[in-house]
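Asks: Residue numbers (my numbering), protein chains in the order written: chain C, 29 to 475; chain G, 29 to 475; chain R, 1259 to 1740; chain A, 1259 to 1740. Ideal placement from N, C-alpha and C gives every residue a C-beta, glycine not left out. This is the structure I want to talk about, given as structure tokens.
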Amino acid sequence: MPYLYHTDEDRRSMLQAMGLTSEEELFDGIPSKYRMNETLPIGPGFSEFETIRHFEALAGRNSAAGDMVSFLGGGIYDHVVPSAVNHLSARSEFYTAYTPYQAEVSQGTLQVIFEYQTMISRLTGLPVANASMYDAATALAESALMAAKATGRSRLLFSENINPRYQQVLTTYVTQQELELTPLPATADGGIDDAVLRKSLGDDVAGVVVQTPNYFGVLESPWRYRDAIREAGALLVVAVDPLSLALFQPPGEYGADIAVGEGQGLGNHPNFGGPLLGFMACDQKYIRSLPGRLVSETRDIDGKRAYTLTLQTREQHIRRGKATSNICTNQGLVALRSTIYMALLGETGFHQLGGICHAKAHRLASMITSCAGYSLRYPGPFFREFVVRCPVDAQLIVDDARASGILAGIPLAKYFGDDSRNDLLIAVTEKRTEDDFNRLCDLLRKT
Amino acid sequence: MPYLYHTDEDRRSMLQAMGLTSEEELFDGIPSKYRMNETLPIGPGFSEFETIRHFEALAGRNSAAGDMVSFLGGGIYDHVVPSAVNHLSARSEFYTAYTPYQAEVSQGTLQVIFEYQTMISRLTGLPVANASMYDAATALAESALMAAKATGRSRLLFSENINPRYQQVLTTYVTQQELELTPLPATADGGIDDAVLRKSLGDDVAGVVVQTPNYFGVLESPWRYRDAIREAGALLVVAVDPLSLALFQPPGEYGADIAVGEGQGLGNHPNFGGPLLGFMACDQKYIRSLPGRLVSETRDIDGKRAYTLTLQTREQHIRRGKATSNICTNQGLVALRSTIYMALLGETGFHQLGGICHAKAHRLASMITSCAGYSLRYPGPFFREFVVRCPVDAQLIVDDARASGILAGIPLAKYFGDDSRNDLLIAVTEKRTEDDFNRLCDLLRKT
Amino acid sequence: MSKTLFEMSRKGRRGFRFADEPAAGPVDVAREYLRKAPPRLPEVSEPGVVRHFTELSVRNHHIDKNLYPLGSCTMKYNPKVNEDVASMKGFAGLHPEQMGTDVQGALEVIYTLEKQLCGIVGMDAFSLNTAAGAHGELVGMMIAKKYFQDRGESRSKVLVADSAHGTNPASVQMVGYHDQAVPSAKDGEVDMDVLNSSLDKDTAVLMLTVPNTLGIFESRIGEILELAHARGALCYMDGANLNALLGWARPGDFGFDMMHVNLHKTFSTPHGGGGPGSGPIGVKESLARFLPVPRVRKVGKRFRFDDDNPDSVGAIHSFYGNFGIYLRALCYIVRHGAEGLRRVAATANLNANYLASELAELFPIPYGKRCMHEFVASGESFRAHGVRTLDIAKRLLDFGYHAPTIYFPMVVREAIMIEPTETESKETLDHFVTVMKQIAREAVEDPDLLKGAPYNTPVRRLDEATANRKPILAAPLNCPEA
Amino acid sequence: MSKTLFEMSRKGRRGFRFADEPAAGPVDVAREYLRKAPPRLPEVSEPGVVRHFTELSVRNHHIDKNLYPLGSCTMKYNPKVNEDVASMKGFAGLHPEQMGTDVQGALEVIYTLEKQLCGIVGMDAFSLNTAAGAHGELVGMMIAKKYFQDRGESRSKVLVADSAHGTNPASVQMVGYHDQAVPSAKDGEVDMDVLNSSLDKDTAVLMLTVPNTLGIFESRIGEILELAHARGALCYMDGANLNALLGWARPGDFGFDMMHVNLHKTFSTPHGGGGPGSGPIGVKESLARFLPVPRVRKVGKRFRFDDDNPDSVGAIHSFYGNFGIYLRALCYIVRHGAEGLRRVAATANLNANYLASELAELFPIPYGKRCMHEFVASGESFRAHGVRTLDIAKRLLDFGYHAPTIYFPMVVREAIMIEPTETESKETLDHFVTVMKQIAREAVEDPDLLKGAPYNTPVRRLDEATANRKPILAAPLNCPEA
Ligand SMILES: Cc1ncc(COP(=O)(O)O)c(C=O)c1O
Ligand SMILES: Cc1ncc(COP(=O)(O)O)c(C=O)c1O
């Protein structure tokens, strides 16, 4: 068997030491009626080489976005992953380590988390960031629960411009606890309706949940209604695209209480949508309601600087049914990758990257809108993603483009039904070139 | 610039500390007529992503044997490379380390070499193995020089069945020192001619150089003439295929004085023929004439077992013009990979692998010889490689097969001229399946 | 002590550059949208980043270094080939919004793994969308809630064994249910009397871990599940300990209605220093319609996502869960095959029992004559010398071992919970025993030695109290730079 | 102390299995051919192998850990992307006997790298086939020999600077030539008088290293080479120190006829704990016909191997040299471009000069007001305290640095030869200086401390004498197993 050490002789001598004669006896504790007689229905084992061939064949039945010209976004972005990120995260000291409960022999992981928390804090402008959540969707859902708990209130307003997949997860989570959800519709410019928001506020409202840039790529302006929310005693919860924070006002600056987001784009391959990286940051006030792990700097008994998990009484392994969340295993290795990524880019590189994506997205948007019949769906400001209203069903365009090795974007009818039949969500990263833009526009013109 | 730390401020302050004002001044030592005025003709630098794309495009202009059904051998074999070999040799502790001159901080590399030496010694049955040579060809050439030095004689007999590429390198090296080379022709059964060998021996003969299995895959029987060589006062130098030693008599057992070979097949990708791994082992008697590095077990001052480079007075950095060879940098990382590989397979696995390759090669040989018009070129016993005499020009077969994604073998006319026009050298590894064999035979039948 | 990245930072250093940097012009948008200054990420060179993380890495214990006897965590060897498979470009480069025809291989992976898990545990349907064990439990609770809503029953209590993992009660609470602990009886198994009296009409779910945290298989499992079913409750199994059963017994056959599996335990996917994991949730046919969306269906020879399921609890992940982890788990299953998995369980149990029997003299094992994959010993006898289990655990670090799980489960005093896993050699186990014996001797002869341990680790015992009182959760913005 | 693989071995353990093991039947061949028993390779499990090599690895110093101030070795950062490129399947999976149409990309790599090296050093043709620097030198000597044979001249002497690397004279000897040392003059450069008198009719080659091992650029290089040429000799440059010149000056322009380049120094390919490297040999047009076969030619848009060259010295490698190393070197060049390479040299020289100037007070630098990429300091002043350079070097290990090259070149007493390379930060250099100063203090105040050093390394000073007298070069066959 692969990966096992024991020789037949080992097994014999170990059994003998216990006075046993066969391994079957080790299963005596299982009532015989529950002992399996048949073999598992999964066939015989493969050699390593057969296994590789097997998975190569499976992978060969995919056509990866990474090998095409991709304008797919919607939360998952095709950014360059620096080589050093792969190499360093492939060190088995990192990936085969357990959760760093035993601080003395986990300083590597702990310091990485501390650095990650610091970076997320600096990105979002909020003082506290946890060690990660499963993904942006669950982070968003958990922050809604957190707002409810922190305020003791039971209604949440949420923008309908939030990534529809996040909305679904939000709904799944929140409805479990008999919390009420009130949607905030979009305005014609692609942002949320400030007036509706103000009207919907009330003293039962725990929080207002928005996303910026929102699913349609449009930047919201939460500072405009931040005070109203505060006055109503509710929390402002914002989902952000971390790269947008290279250029745009961070949640902490405009007084958001909780910020969450998806860290996949920070040095991680799309991986068919997982593993992802939910990040979560909040104001100092809410630290005891925060789910997930936290690392603190401290000292060891020799006075050496060291790091440790802290405030664990928030967590399930200590507080059990009273914990802030049930989360245990998180997305540590993805957070490590993102930490390496952000360290490689640094302040200047990160700012540059934001600028490149912004510039390229706007360049492509202007090229597309100069194609007859194509226009921007929303006039609001955007970062690197935007919706194009096409003269035909967007699905047709997507299919056409695919035939030329281009993934043109996400046809919005998928999520928003017939009204959006001609809408295409297009994302642009630094990988895309002028040549890619020309190819896409040529196609659009032909369709 | 990639990989540099210095900020402009760093550069300024460092120059200032030295009383300099510009980096140009650092080059003042170069007479101005030799200072370049033009920029290097190599274009501007690429970003990492552009670089990857660039090399992907280049790699895309190749069709790798690894992705086809390959029967290519001739010294380089398409064996399975276990995943752990890649992972472990990718640890930067190994690949970014320097030559282990500073033993206290190089015990990792040193112990690996010690283990490698032990394995090569056990494979070959000879007590001493060095830390590696560039490849089998240079190892063979150096062992011929070694024989000349050890005996003080000036003529070498060599088998014409040796890999023709090795013969070329042997000739290049040996003729530099005004040594004479006498070829030993092949017999009809594919081995060397025992009688000619005996006749060619004389008191000017330093050594006899043979390969087994030889280039045509045929096993030689050096024990038959070993005594004659010894009586003539010459050394027996044998090039071996390391995997053949899983099954067949090792050089040490039949009294060879020096054994060399190519270790590529032991856990290394073919890499278009390099880096390779020349291994070299010898009898205790010749240890002071051996080229290359040697590691010995020893103790540190606390009595702890430790490893160190030893007998360095054989080497160029100590003995300079009187060294046994000029070799300095060797193939350390390849030797590491092969050590990991052999450890993974172990005695049983290695023996199994030899058996599988042998069985499959014989299976294919019998399938091919049952195709009308095809026969084995040599009747001698073989391991996993053999020559087929085809009814047509072997190049035609190779071209035909290639069109079906099969690399049928090496057409021997390439090395042996018109007489071999119809000869095809076919190698079989454990990767090849019955299905591959059928596909090849179908093709042969059609041609 | 390593500097932090922020202390290494030097304004103007670059670790990575982009091809089109000149393209990034000024951002033409109303000023209010703009950030005043870019986020203060550290500026480090590529070699600097490489050295930093390399240096940090070697301050970790990890499975490629030595034994991780952590009970309940199944820290087994993470096969290298798993990583190769997961990093194949045809998988890693897939965007989750690609069209079905472009992702047939990926869908087949999901579909196949679901089917294989069904076969392994005896469930009828699996959803892989849950990103960790706790996530699986949560969805289990959501399914129960839907199930009872569907039946018009209002139940809100979940019975959880007192020795259960903390995520169990926490997951219960996440759906608005409340948990009630079921104590262990003297034999370490569920107390049948308490169970009987607790299982009332308000009980929605009975949640058990099998084998339980003491490493004991509930001998009355059939009876227990029948009783729960008779009272109308659903039975959920925390499958984190599945390693003990692979190929020998199937929770579905015991009568469980639902269970989750931890791919990052039983199926060898790496823990990554805390994650990502994957906690697929499996159910019996009658509950399949409640599973999260999307699900993968096979129609003819094609695979497709099915989002359209009105009975589903809904979506619980941005996309389809931790796909990269499925690849590793499936790779593990493919490598082993049926017979291999059976050997895994047999060996895991062999190692645990062997270790238990070698340690029992000095560290008595209060529950169970025989364990399955893990056991809980007690360090209580050393309290007389002022030595606590924590001290024993810390001392182990000095010998290059990770510490066992301690003080859990609570039913054993000074608990030392050990799960060696199957990928450890007899030599390692024997050496571990030798070290434990030495520590036991030290505890008696020189208790202070243990109380001061560890000594040979990158740092020594930490001041956790201060960290809790005044947590420092981020480096200060004005920390000194290089 | 780590066990050896042989001590870990346990009969019957398997670390790797093959699919078709049952296929391996008995070998049907005359008994005399057969081996009596399979070779005694250690039997270790996969996790055991992984742990063993992981454990060994961390006992190494390496460039991803810290500075390697080894003079003459150019231990610079090895970019990670180089490794990615080299492991692309389209390269790594290529068999050297594949037909030309299947290897166009690989041939283009070779062709391009040759052209780029020509441009960088000012030569007209390069052969990459030489597997290391010494191999390049050897071919250089072969070319000289052919050249003189071709001209009907019999010359057999090669003049080599006394500070030259050991491979220089050793390579000379390999072609049956003999070497004669040219001493350095007081300024650390070639002694012109001795050179003048040594350059006779028997002199085939003048072999110089530029900058030389003292880090000094020969200021009279033009004169020297003219003189040698005037006497009919060829001029060979050992290009191992090319890092100092990249983009600023080209050996071809000085007048050298031949040179080799160490890709594993200047072009960042990893040293691999001793190899593989690559030592391409470049020549001027007039010598190109002597280069080894095969060479890569471009015909129209196609590339092909050319074996057919009667003037060639012949083949010097089984195939085409260390191809995997070319990929890394080319990747490095592509990443940098012209301006980048120029910055590399400037920074290498900046770092060396900065370090030299900071250290000079305590460790005087006898030769050269200014150095290029490296410098040689002297530890002689500490001999008065009974401390030798070796002790200083060993003490450095305790601070996490590798030792510099010591006792070489011989012209400096108690030589400490330091090449920091360009990929080190000012902070690292400053810290290194602080440590050197501390060691200098210790040498005076507590010389025994240094003589006992190192203390913090995996092992301490070794008994090399016994290893030389009674070398143990392999584990005994009967070593105790696990
Ligand atoms: C018994 C048991 N149940 C549940 C869990 C929770 O799983 P996860 O950490 O993947 O959320 C764990 C492990 O952490 C466990 O050991
Ligand atoms: C100056 C100099 N010349 C020649 C060599 C020999 O190169 P190699 O070790 O690649 O054979 C080296 C390095 O080892 C060197 O530093």
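Using a beta-carbon distance below 8 Å, is Pro72 (chain C) in contact with chain G?
Replies: Chain G, which has no Cβ nearer than 8 Å to the Cβ of Pro72 (chain C), makes this no.
Asks: Taking 8 Å as the threshold (beta carbon to beta carbon), is Ser398 (chain G) in contact with chain A?
Replies: Cβ-Cβ to chain A under 8 Å: no for Ser398 (chain G).
Asks: Taking the alpha carbon of Asp1649 (chain R) as the point to measure from, which residue in R:Cys1629, R:His1631 and R:Glu1672 has its own alpha carbon closest?
Replies: Checking every option, the nearest Cα to that of Asp1649 (chain R) belongs to R:Glu1672.
Asks: Strictly below 8 Å CB to CB, what residues from chain G border Ser1412 (chain A)?
Replies: Residues of chain G passing the Cβ test: none, with the nearest at roughly 12 Å.
Asks: At which residues does the beta strand (DSSP E) containing Ala309 (chain G) begin and terminate?
Replies: Gly306 to Cys310 is the extent of the beta strand (DSSP E) around Ala309 (chain G).
Asks: Does the beta-carbon distance from Phe122 (chain C) to Ser1570 (chain R) come in below 8 Å?
Replies: Cβ distance not < 8 Å, so Phe122 (chain C) and Ser1570 (chain R) don't count as in contact.
Asks: Taking the beta carbon of Thr1692 (chain R) as the centre, do at least 16 other beta carbons fall within 10 Å, making it buried, or is it exposed?
Replies: It is exposed - the Cβ of Thr1692 (chain R) has fewer than 16 other Cβ atoms within 10 Å.
Asks: Can you say whether Thr1663 (chain A) is buried or exposed, counting buried as having 16 or more other CB atoms within 10 angstroms of its CB?
Replies: The residue in question, Thr1663 (chain A), is buried, as its Cβ has 16 or more Cβ neighbours within 10 Å.
Asks: Beta-carbon separation of Gly349 (chain C) and Ala1392 (chain R) under 8 Å?
Replies: It is not a contact, given that the beta carbons lie outside the stated cut-off.
Asks: Are Gly295 (chain G) and Ile355 (chain G) close, meaning C-beta to C-beta below 8 Å?
Replies: Not in contact: Gly295 (chain G) and Ile355 (chain G) (Cβ atoms no closer than 8 Å).
Asks: Give me the DSSP bridge partner(s) of Ile1730 (chain A).
Replies: DSSP lists G:Glu325 as partners of Ile1730 (chain A).
Asks: Which complete beta strand (DSSP E) runs does the stretch 236 to 280 of chain C hold, if anything under 3 residues is left out?
Replies: Within the stretch 236 to 280 of chain C, the complete beta strand (DSSP E) runs of at least 3 residues are 263 to 268.
Asks: Does any heavy atom of ligand 2 sit closer than 7 Å to the C-beta of Thr357 (chain G)?
Replies: Yes - ligand 2 has a heavy atom lying nearer than 7 Å to the Cβ of Thr357 (chain G).
Asks: In chain order, what residues of the same chain have a beta carbon less than 7 Å from the beta carbon of Pro1550 (chain A), not counting five sequence neighbours either side?
Replies: Taken in chain order, the residues that qualify are Ser1385, Asn1387, Val1397, Ser1570, Val1571, Gly1572, Ala1573 and Ile1574.
Asks: So Ile434 (chain G) and Leu468 (chain G) are in contact, right, with Cβ under 8 Å, and what is the actual spacing, rounded?
Replies: Rounded, the Cβ-Cβ distance is 6 Å, consistent with contact.
Asks: What is the DSSP secondary structure of Glu1304 (chain R), counted as helix, strand or coil?
Replies: Helix, per DSSP.
Asks: Using C-beta distances below 7 Å, list every residue in its chain close to Pro1534 (chain A), excluding the 5 sequence neighbours before and after it, in chain order.
Replies: If we look at Pro1534 (chain A) and ignore the five residues flanking it on each side, its Cβ neighbours are Ala1389, Asn1580 and Ile1583.
Asks: Who are the neighbours of Phe1276 (chain R) on chain C, taking C-beta pairs under 8 Å?
Replies: In chain order: Val108, Gly377, Gln380, Leu381, Ile384 and Glu458.
Asks: Of the residues C:Gly180, C:Tyr253, C:Glu170 and C:Phe55, which one's Cα is nearest the Cα of Gln195 (chain C)?
Replies: Minimum Cα distance to Gln195 (chain C) is reached at C:Glu170.
Asks: Would a C-beta distance cut-off of 8 Å place Leu305 (chain G) and Val323 (chain G) closer than the cut-off?
Replies: No; because the gap between Cβ atoms is not below 8 Å, this pair is not in contact.
Asks: Distance cutoff 8 Å, beta carbons only. Does His345 (chain G) sit that close to anything in chain R?
Replies: Not closer than 8 Å to any Cβ of chain R, the Cβ of His345 (chain G) fails to qualify, so no.
Asks: Within the 8 Å Cβ cut-off, does Ala1587 (chain A) reach chain R?
Replies: False, the Cβ-Cβ gap to chain R never drops below 8 Å.
Asks: Return helix, strand or coil for Cys1493 (chain R), following the three-state DSSP convention.
Replies: Strand.
Asks: Ile1676 (chain R) and Pro1327 (chain R): beta carbons closer than 8 Å?
Replies: Yes, they are a contact pair.
Asks: If distances are taken between C-alpha atoms only, which option among G:Phe410, G:Asn90, G:Glu375 and G:Val416 comes closest to Ser398 (chain G)?
Replies: Among G:Phe410, G:Asn90, G:Glu375 and G:Val416, the Cα nearest to that of Ser398 (chain G) belongs to G:Val416.
Asks: DSSP puts Asp451 (chain C) in a beta bridge; with which residues?
Replies: Looking at the DSSP assignment, Asp451 (chain C) forms a beta bridge with C:Arg417.
Asks: Tell me whether Asp1437 (chain R), by its Cβ, gets closer than 7 Å to a heavy atom of ligand 1.
Replies: No, since every heavy atom of ligand 1 falls outside the 7 Å radius drawn around the Cβ of Asp1437 (chain R).
Asks: Rounded C-beta distance between Asp1322 (chain R) and Arg1309 (chain A)? I'm assuming under 8 Å.
Replies: Between Arg1309 (chain A) and Asp1322 (chain R) the Cβ distance is about 6 Å, and since that is below 8 Å, they are a contact.
Asks: List the endpoints of the continuous beta strand (DSSP E) containing Asp1776 (chain R).
Replies: Not covered by the structure: residue 1776 (chain R). The range shown for chain R is 1259 to 1740.
Asks: Is the CB of Tyr1223 (chain A) under 8 Å away from at least one CB in chain R?
Replies: Any answer about residue 1223 (chain A) is impossible in this case: the structure gives chain A only from 1259 up to 1740.
Asks: Residues of chain A with CB closer than 7 Å to the CB of Asp38 (chain G), please, in chain order.
Replies: Lys1684, listed in chain order.
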